[in-house]
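Remarks on the structure that follows.
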Ligand SMILES: [Zn+2]
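In the working numbering, the protein residues as written are 134 to 337.
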């Protein structure tokens, strides 16, 4: 009899499994799934977040969502001050986040750890309120204003998209998409070579 494969959720992942987590790249299908709400706030959840920070730091990222490590849960971590030299650490964990009352519009050049080497300008909301839970399940609420200098507002919109299976390239217009098409194909080819399957490539 064979042991069934792990499902990749926190509840089924032992600490040893968490250490084995790796970043997944486009067009891995987990990046297209709507992630599930977190309902259990236990030590394994904290261990998952610690592992996500490790992986984000290895790649010098400023945000990482759980689906990007193959775990389909509504969690992301951020460290938005990393890009400012000498800034204090700003590590934050966002569980079951929801954006409310979005207003205005702003454009920012974004990249994504699931799309190495691809950058593009993306249109986002300028101001909104976000509510989320911490590792203890406590609820929090904060207003963010990108044009007032709160770059974190861009990061959380990008990461929250990941929890709904939305990727930053989905926001690009046809011309922008054409400019990154060759790099997208390279990622699609690499995924096919590694897995023998096509995954979920963009169909437009
Ligand atoms: Zn991303």
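Beta carbons are placed, not taken as given, at the ideal position from N, Cα and C, and that holds for glycine.
The residue from 153, 161, 154 and 152 with its alpha-carbon nearest to that of residue 328 is 161.
Judged by their CB atoms, residue 164 and residue 291 are not nearer to each other than the 9 Å cut-off. Distance from the CA atom of residue 239 to the CA atom of residue 306, rounded to whole angstroms, is 16 Å.
Look at residue 317: its beta carbon is at least 8 Å from all of the heavy atoms in ligand 1. Residue side-chain check: residue 198 places its Cβ nearer than 8 Å to a non-hydrogen atom of ligand 1. Under DSSP, residue 209 takes part in a beta bridge, and its partners are 198 and 227.
With a cutoff of 8 Å, residue 285 does not count as near ligand 1, since its C-beta is closer than that to no heavy atom of the ligand. Residues 195, 196, 211 and 213 of the same chain have their beta carbon placed closer than 7 Å to that of residue 288, with the five preceding and five following residues left out of the count. Here residue 155 has 188, 202 and 203 as same chain residues with Cβ atoms under 8 Å from its own Cβ, once five neighbours each way along the sequence are excluded.
Restricting attention to beta strand (DSSP E) runs no shorter than 3 residues, the segment 248-281 encloses them at 252-257, 260-266 and 272-278, ordered along the chain. The three-state reading of DSSP puts residue 328 in helix, counting H, G and I together. With a 10 Å radius around the Cβ and a threshold of 16 neighbouring Cβ atoms, residue 223 comes out exposed. For residue 288, the enclosing alpha helix (DSSP H) covers residues 285-296.
Comparing C-alpha distances from residue 281 to each of 261, 254, 166 and 200 shows the shortest one belongs to 261. In the DSSP assignment, residue 187 falls outside any beta strand (DSSP E) and lies within the alpha helix (DSSP H) extending over 176-191.
Put simply, of 255, 320, 270 and 232 the residue whose alpha carbon is nearest the alpha carbon of residue 293 is 232. Taking C-beta atoms under 8 Å as the contact rule, residue 143 and residue 181 qualify, at a distance of about 5 Å. Within the same chain, Cβ atoms closer than 8 Å to the Cβ of residue 309 are found at 253 and 254, the five residues on either side in sequence being excluded. When distances are taken from the beta-carbon of residue 246 to the heavy atoms of ligand 1, the shortest one is below 8 Å. Excluding the 5 residues flanking it on each side, residue 167 has same chain C-beta neighbours closer than 6 Å at 297 and 298, in chain order. Distances between the C-beta of residue 301 and the heavy atoms of ligand 1 include at least one below 8 Å.
Around residue 318, the same chain offers no residue with a beta carbon nearer than 8 Å, after the five sequence neighbours per side are excluded.
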